[in-house]
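Participant: Residue numbers (the working numbering): 163 to 293.
All C-beta atoms, glycine included, are put in the ideal place defined by N, C-alpha and C.
Dropping a structure here in C-alpha cells format, bear with me for questions.
The following block contains the structure:
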C-alpha cells in the first residue's frame, strides 16, 4: 500500500504484478498526458488492449495513481473474463464491481480500504461486493 506511483517503471512493475496475480496476459501501458485521467482500451482491430494512466495529478485530485491503475485494471479483468459489459451501467456494472472488489482486495489487503468515495457515484454508493 506504500507510496504512490511516480514513474513509468513503477507503473509497469505494478501492472505486471497484477497480471501475474490474476493469471492474465500482460497488457500494454502508456503514460497519459492529461493530468488526473486514466483509460482502459480493449483490443480493437490490430491494436492490443492497453491502459493509459497519467502520473501527473492536479493538487485538487483526490485519487492516487495506483487507484486509477486499479480501476482500469478491473476493466481489463472484467473484459478478459466476460467481454465488455453494455447497458445502463456502461462498463461499471455488477461484473465490473466484482472485479474491482477483487483487485482492491489484493492490493490493499481489504477491499474496504480502497477509496470508494472517489469512484463514480454508482460504485461509490455500493462500495465493495460482499465476499
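Quick check: what's the CA-CA separation for residue 232 versus residue 259?
Facilitator: On the chain shown, residue 232 is found 70 positions in, with the first residue counted as 1. On the chain shown, residue 259 is found 97 positions in, with the first residue counted as 1. Rounded to whole angstroms, residue 232 to residue 259 spans 12 Å at the Cα level.
Participant: Report yes if the CB atom of residue 166 is closer than 9 Å to the CB atom of residue 227, and no otherwise.
Facilitator: Taking the chain shown and counting its residues from 1, the one referred to as residue 166 is at position 4. Taking the chain shown and counting its residues from 1, the one referred to as residue 227 is at position 65. Yes.
Participant: Going by C-alpha to C-alpha distance, which of 271, 200, 190 and 204 sits closest to residue 281?
Facilitator: Translated into positions along the chain shown, residue 281 becomes position 119. Looking at the Cα atoms, 200 is the closest of the given residues.
Participant: Hey, is residue 192's beta-carbon within less than 9 Å of any beta-carbon in chain C?
Facilitator: No chain C appears in the structure shown, which is made up of a single protein chain.
Participant: With the cut-off set at 9 Å, would you say residue 191 and residue 215 are in Cβ contact?
Facilitator: Position 29 of the chain shown, counting from 1, holds the residue named residue 191. Position 53 of the chain shown, counting from 1, holds the residue named residue 215. In this structure, residue 215 lies closer than 9 Å to residue 191 by Cβ.
Participant: So what's residue 276 in DSSP terms, helix, strand or just coil?
Facilitator: Position 114 of the chain shown, counting from 1, holds the residue named residue 276. Three-state DSSP puts residue 276 in coil, outside helix and strand.
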